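**Student:** Residue numbers (our numbering): 1 to 214. C-beta atoms are modelled at their ideal positions from N, C-alpha and C, and glycine is treated no differently. Predicted model only: the values in this text are computed from it and were never measured.
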């Protein structure tokens, strides 16, 4: 059974064969990226054989990967890591002009490029994201990678908008006209005021409707 869980990497194996074994391992672990490049920077010394240890977790920290291995010696086995320097590439949106604070994103302002994301801090926007649903929280400079931390969803309800506020009591649905006192996206909880100036908290359903929660 052990043979199905581990890959033997013999210390006497030429470096290019060791690299091939690690590449097979990284292919499985980094399949979420379009491509990657790697360089082995350190591995256990004075060992008779190395085994990739699939019982322990693969670790990735920015541009450094730690591959868990078992180092086999005549006196027994010890746990260690092969350290690998990696460059990770994915398609991501990049600003092709300065985007001012609170400006809605458009295809004219951004482009999708294959870039290295190894050291990018934050959650990178990819081609799966609907960029038109976002606006900038701050000034985004030309060439800057778009990450979710510098963006926010465009509110469907704005402060001062007239909305229909709904509340259900048993089988009875009650609706009143109200004024939004905050902006909010779908599923956000905002403050609203009825015509008689009573304040409520309500969840945004769409641009015209909210559901009173308290």
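Taking only beta-carbon positions, decide if residue 194 is within less than 9 Å of chain D.
**Tutor:** In the structure shown, chain D cannot be found, because there is only a single protein chain.
**Student:** Tell me which same chain residues have a C-beta within less than 7 Å of the C-beta of residue 155, skipping the five on either side of it?
**Tutor:** Here the set comprises 183, 184, 185.
**Student:** If the criterion is Cβ atoms closer than 9 Å, does the pair residue 69 and residue 79 meet it?
**Tutor:** Closer than 9 Å, so yes.
**Student:** Compare the beta carbon distance of residue 63 and residue 88 with 9 Å and say whether it is the shorter of the two.
**Tutor:** Their beta carbons are under 9 Å apart, which means residue 63 touches residue 88 by this criterion.
**Student:** I'd like the list of long-range same chain contacts for residue 44, defined as Cβ closer than 6 Å, with 5 residues on each side in sequence excluded.
**Tutor:** Answer for residue 44: 71, 80, listed in chain order.
**Student:** Excluding the five sequence neighbours on either side, which residues of its own chain have a C-beta within less than 6 Å of the C-beta of residue 149, listed in chain order?
**Tutor:** If we look at residue 149 and ignore the five residues flanking it on each side, its Cβ neighbours are 122.
**Student:** Considering only residues of the stretch 98 to 149, which uninterrupted beta strand (DSSP E) runs meet the minimum length of 3 residues and lie entirely inside it, listed in chain order?
**Tutor:** Taking only runs of at least 3 residues, the beta strand (DSSP E) segments lying wholly in the stretch 98 to 149 are 110 to 116, 134 to 136.
**Student:** With a 10 Å radius around its C-beta and 16 neighbouring C-beta atoms as the bar for buried, classify residue 172 as buried or exposed.
**Tutor:** Answer is exposed; the Cβ neighbour count stays below 16.
**Student:** Would you call the CB atoms of residue 188 and residue 163 closer than 9 Å?
**Tutor:** Result no, Cβ atoms of residue 188 and residue 163 do not sit closer than 9 Å.
**Student:** Measuring straight from C-alpha to C-alpha, what distance separates residue 35 and residue 90?
**Tutor:** Roughly 7 Å separates the two Cα atoms.
**Student:** Quick check on DSSP: helix, strand or coil for residue 183?
**Tutor:** Residue 183 falls in the coil class under three-state DSSP.
**Student:** Spatial neighbours of residue 75 within its chain, please: CB distance less than 7 Å, with the 5 preceding and 5 following residues excluded, ordered by chain position.
**Tutor:** So no residue of the chain qualifies.
**Student:** Span of the beta strand (DSSP E) holding residue 69?
**Tutor:** Where residue 69 is concerned, the enclosing beta strand (DSSP E) stretches over 64 to 73.
**Student:** Can you tell me whether DSSP reads residue 6 as helix, strand or coil?
**Tutor:** Note that residue 6 has pLDDT 46, beneath the 50 cutoff, so the model's placement of it is unreliable and no number is given.
**Student:** Would you check if the distance between the CB atom of residue 152 and the CB atom of residue 134 is smaller than 9 Å?
**Tutor:** A contact, by the Cβ cut-off of 9 Å.
**Student:** Which stretch, first to last residue, makes up the beta strand (DSSP E) that contains residue 87?
**Tutor:** From DSSP, the beta strand (DSSP E) with residue 87 extends over 76 to 95.
**Student:** State the start and end residues of the unbroken beta strand (DSSP E) segment that holds residue 204.
**Tutor:** Counting along the chain, the beta strand (DSSP E) containing residue 204 begins and ends at 199 to 204.
**Student:** Leaving out the 5 sequence neighbours to the left and right, which residues in its chain are closer than 8 Å to residue 98 when beta-carbon positions are compared?
**Tutor:** Once the five neighbours on either side are set aside, the close Cβ partners of residue 98 are 139, 140, 141, 142.
**Student:** By a C-beta neighbour count over all protein chains shown, 10 Å radius and 16 as the cutoff for buried, is residue 114 buried or exposed?
**Tutor:** Counting Cβ neighbours within 10 Å, residue 114 comes out exposed, since fewer than 16 surround it.
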